[in-house]
Structures are given as C-alpha cells and as structure tokens.
Amino acid sequence: MQRYRKRNTPAFTVLAYFTFFAGVFLFSIGLYNADNLQLNEKGYYIAVMILVAVGAILTQKVTRDNAEDNEIIAQEEEERRRNLPTNKAE
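Structure (structure tokens):
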C-alpha cells in the first residue's frame, strides 16, 4: 500500500499565509498615509488589492487542501490498523 503524500509543503503553506497578511498590511499602510490619491498611488492600491486577492484565494486553497489531506491520512492510518495481523500465541 502506498503512503499518501501531502499536496502542500509547510513552506508553501507559510508562503500562502505570508502573502495574505503582507497584502493586508501594505494596504493598511497605504490607506493610513493617503491624503489625495495621485495616479501612481492608484496603481499601488490596485497592485496591493490584487496581492490581497491572490493571497486570500491561495490561503483558502492551502487550508482546504491541508484539511482534506489530514482526513485522508487519518483514514489510511485507520485502514492500516484494521489490516494489521494480530500476533496471538497459538
């Protein structure tokens, strides 16, 4: 029986969360410092909002995949325990 391998590495999971929180943080800094928006500032906000959107989608995907992987691994462990031969002295 082949062992199930998780789809997302811990580094990818950390990167997903970092992308989301970095985008929210940068957007918050921009809003705090904004008085009158010029054209280059509008471009900055668009870029940061895209970063936040990608981070949110990526974080949702990673969280869902990790939860599904944990369920699959738990099911495989349960099947493995059931299929183990019992060593009884006869």
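Residue numbers (the UniProt record's numbering): 1 to 90. All residues carry an ideal CB built from backbone N, CA and C; glycine is no exception. Note that the structure is a prediction, hence the values are computed from the model and not measured.
- Of the residues N70, V54 and Q75, the one whose Cα lies closest to the Cα of Y17 is V54.
- Residue state for T9 is assigned as coil, using DSSP reduced to three classes.
- Rounded to the nearest whole angstrom, the CA to CA distance from I46 to N8 is 29 Å.
- Ranking G43, Q60, Y44 and A67 by CA distance to the CA of T19 puts Q60 first.
- V52 is a Cβ neighbour of G23, given a cutoff of 8 Å.
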